[in-house]
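Participant: Before anything else, here's the structure in question.
Chains as they are written, first to last, in my numbering: chain A, 49 to 509; chain B, -2 to 47.
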């Protein structure tokens, strides 16, 4: 009986998701595929941003962190909220104001030159593929937990379904399905928290506060000051304006919506972190202390919900992953078309749409294949963050805030930032103990200054 | 103090649920009302379609 109703829950959820994806309709032009015709209202920009950043790390990962280290990670998460608010106030409106831009590469090309655009495009596509591989792995793990399928089959199912609606519907389908998925987890996870607090935490408010205080003390004691600095840097900069977020800034209906969407998403992240960390703290008095961090949420759901609720929440967790994955596939495909193909070949709108669709499928295929090689979800995400911030952020932010930035500065900063990040991440990280993002960001900024100075000399200014 | 902490957590949960409902309403209107033609200008008049 339980199996039958659980299957019914899954079928109903997939049915509604399919309906939403179909209603989002297929994109008929590249402008629709890449930027949803720049007509997104505030609620959809906000919902889609939140659905994109609430991936496995900010749900399963944060519940686990709350379980082990209480509200310590809530404080680290505040850096992420600050980042979103700052992007909303200072960068997103400037990005939205640029004419004719579909991608970050477009924006960089407009401010610097074509070589910088191509370089930014290559970095964007590479990073989107890397992030997508991590999401594919996470989706595969959750699906394996539900149905007991082999991991590779689970990865193929998650990536296949996501690629299907993203290939046809483009950004609009991604944003609309994100909104549906956001609604599902924004309603169900807080309900799980309220039920746990009301019926499962013994000792009431005092016991909850005791657990929170003990775990938070343990959390502060477990990380060195340099480790805290690295975490804050990663949360502050690692995901800043990665291509899916930039696309939402560009696709907003107005500059005000672009700004307000990011500011609201930042404020929401504070509240979201409080909910997921509180779930982890509540779990301390419900499940065994020896539970593995990545399995805290699943164990909590299993202990507190009926079988159908457990299955529904598992499906919602797959949604959490899919809503991040679809945004990455679309952003990677648009960056490939706009920043790598278009600078070399004049494409008619129909051809650009076809290239974008083909690129979605290819990136999805590469991500599915690479998912098998991803060491762990958090490790994979940290590698992507470490490369993205130094490679793109100095060039983008300085470019948006200065009148005539120099192309040589842009090229040197992107190349040096990428190379130093990769070198420190894969070769020196264990030797120095310093998070790779810090030296890589410093080197990228230094390279920018050198490039600017050399550029000025060569132009005789 | 303990009661205040619990109160804040419950309020946070309710705010998240409210956000979910707000986005759901926007989603329903987005998929039920299809735009017939692309807008040429936004409401602020600052940005135009590219």
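From the three backbone atoms N, C-alpha and C, an ideal C-beta is built for every residue, glycine too. A quick note: this is a predicted structure, and the numbers were derived from the prediction, not measured.
Between the region 158 to 175 of chain A and the region 183 to 200 of chain A, are three or more C-beta pairs nearer than 8 angstroms?
Facilitator: no
Participant: Just list the residues that DSSP pairs residue 53 (chain A) with in beta bridges.
Facilitator: Answer by DSSP bridge pairing: none, since residue 53 (chain A) is not bridged.
Participant: Can you tell me the Cα-Cα spacing of residue 323 (chain A) and residue 236 (chain A), whole angstroms?
Facilitator: 11 angstroms
Participant: Taking just the CA atoms, how far does residue 164 (chain A) sit from residue 487 (chain A)?
Facilitator: Cα-Cα distance, rounded: 22 angstroms.
Participant: Buried or exposed: where does residue 462 (chain A) fall if 16 or more other Cβ atoms within 10 Å of its Cβ makes it buried?
Facilitator: buried
Participant: What do you reckon, are the CB atoms on residue 78 (chain A) and residue 400 (chain A) nearer than 7 angstroms?
Facilitator: yes
Participant: Can you find a CB in chain B that lies within less than 7 angstroms of the CB of residue 91 (chain A)?
Facilitator: yes
Participant: Residue 289 (chain A) by DSSP, collapsed to three states: which one?
Facilitator: coil
Participant: Look at the Cβ atom of residue 88 (chain A), then the Cβ atom of residue 299 (chain A), and state whether they are nearer than 7 angstroms.
Facilitator: yes
Participant: State the Cα-Cα distance for the pair residue 341 (chain A) and residue 334 (chain A), rounded to the nearest angstrom.
Facilitator: 14 angstroms
Participant: Of the residues A:94, A:115, A:265 and A:454, which one's Cα is nearest the Cα of residue 347 (chain A)?
Facilitator: A:115
Participant: Any idea what DSSP makes of residue 232 (chain A), helix, strand or coil?
Facilitator: Looking at residue 232 (chain A) - three-state DSSP - the assignment turns out to be helix.
Participant: Determine, for residue 102 (chain A), whether the minimum Cβ-Cβ distance to residues of chain B falls below 7 angstroms.
Facilitator: Not one chain B Cβ lies under 7 angstroms of residue 102 (chain A).
Participant: Give me, in chain order, the residues of the same chain whose beta-carbon lies closer than 8 angstroms to that of residue 133 (chain A); leave out the 5 immediate sequence neighbours on both sides.
Facilitator: 310, 311, 314 and 315
Participant: Which whole-angstrom value is the C-beta distance of residue 228 (chain A) and residue 102 (chain A), which I expect to be below 8 angstroms?
Facilitator: Between residue 102 (chain A) and residue 228 (chain A) the Cβ distance is about 14 angstroms, and since that is not below 8 angstroms, they are no contact.
Participant: Name the residue from A:272, A:398 and A:140 whose alpha carbon lies nearest to the alpha carbon of residue 385 (chain A).
Facilitator: A:398
Participant: Answer with buried or exposed for residue 370 (chain A), where buried requires no fewer than 16 other C-beta atoms within 10 angstroms of its C-beta.
Facilitator: buried
Participant: Would you mind giving the Cβ-Cβ distance between residue 2 (chain B) and residue 417 (chain A), rounded to the nearest angstrom? I have them listed as a contact below 8 angstroms.
Facilitator: For residue 2 (chain B) against residue 417 (chain A), the beta-carbon gap comes to about 46 angstroms, at or over 8 angstroms, which does not count as contact.
Participant: So, for residue 5 (chain B): in the same chain, excluding its five sequence neighbours on each side, which residues have a beta-carbon less than 7 angstroms away from its beta-carbon?
Facilitator: none
Participant: Looking only at DSSP bridge pairs, what is residue 244 (chain A) linked to?
Facilitator: None, per the DSSP bridge assignment.
Participant: Classify residue 264 (chain A) as buried or exposed, calling it buried when 16 or more other Cβ atoms lie within 10 Å of its own Cβ.
Facilitator: buried
Participant: So, are the CB atoms of residue 23 (chain B) and residue 92 (chain A) less than 7 angstroms apart?
Facilitator: For residue 23 (chain B) and residue 92 (chain A), yes; Cβs fall inside 7 angstroms.
Participant: Would you say residue 25 (chain B) faces chain A, with C-beta separation under 7 angstroms as the test?
Facilitator: no
Participant: Strictly below 7 angstroms CB to CB, what residues from chain B border residue 257 (chain A)?
Facilitator: Ordered by position in chain B, the residues that pass the 7 angstroms Cβ test against residue 257 (chain A) are -2, -1 and 2.
Participant: For residue 88 (chain A), which beta-bridge partners are listed by DSSP?
Facilitator: A:300
Participant: With a threshold of 7 angstroms on Cβ separation, who are the neighbours of residue 126 (chain A) within its own chain once the five nearest residues in sequence on each side are excluded?
Facilitator: 318
Participant: Can you give the Cα-Cα distance for residue 435 (chain A) and residue -2 (chain B), rounded to whole angstroms?
Facilitator: The straight-line gap from Cα to Cα measures roughly 42 angstroms.
Participant: Thinking just about the alpha-carbon of each residue, which of A:66, A:471, A:472 and A:442 is nearest to the one in residue 289 (chain A)?
Facilitator: A:442
Participant: In the DSSP assignment, the alpha helix (DSSP H) including residue 106 (chain A) goes from what residue to what residue?
Facilitator: It is not in any alpha helix (DSSP H) - residue 106 (chain A) carries neither H nor E in the DSSP assignment.
Participant: Assuming contact is defined by CB atoms lying nearer than 7 angstroms, are residue 53 (chain A) and residue 356 (chain A) in contact in what I supplied?
Facilitator: With a cutoff of 7 angstroms on beta-carbon distance, residue 53 (chain A) and residue 356 (chain A) are scored as near each other.
Participant: Please report the Cβ distance between residue 283 (chain A) and residue 122 (chain A), rounded to the nearest whole angstrom; I am assuming they are in contact, meaning their Cβ atoms lie under 8 angstroms.
Facilitator: The pair is not a contact, with the Cβ atoms about 11 angstroms apart (cut-off 8 angstroms).
Participant: Give the secondary structure of residue 76 (chain A) by DSSP, where H, G and I count as helix, E and B as strand, and everything else as coil.
Facilitator: For residue 76 (chain A), the three-state secondary structure derived from DSSP is coil.
Participant: Listed in chain order, which residues of the region 217 to 232 of chain A have Cβ atoms closer than 7 angstroms to some Cβ of chain B?
Facilitator: 224, 227, 228, 230 and 231
Participant: Which residues of chain B have a Cβ atom closer than 9 angstroms to the Cβ of residue 462 (chain A), listed in chain order?
Facilitator: Neighbours of residue 462 (chain A) on chain B: none; closest Cβ ~25 angstroms, over 9 angstroms.
Participant: Beta carbon of residue 225 (chain A), beta carbon of residue 17 (chain B): below 7 angstroms?
Facilitator: Not a contact, by the Cβ cut-off of 7 angstroms.
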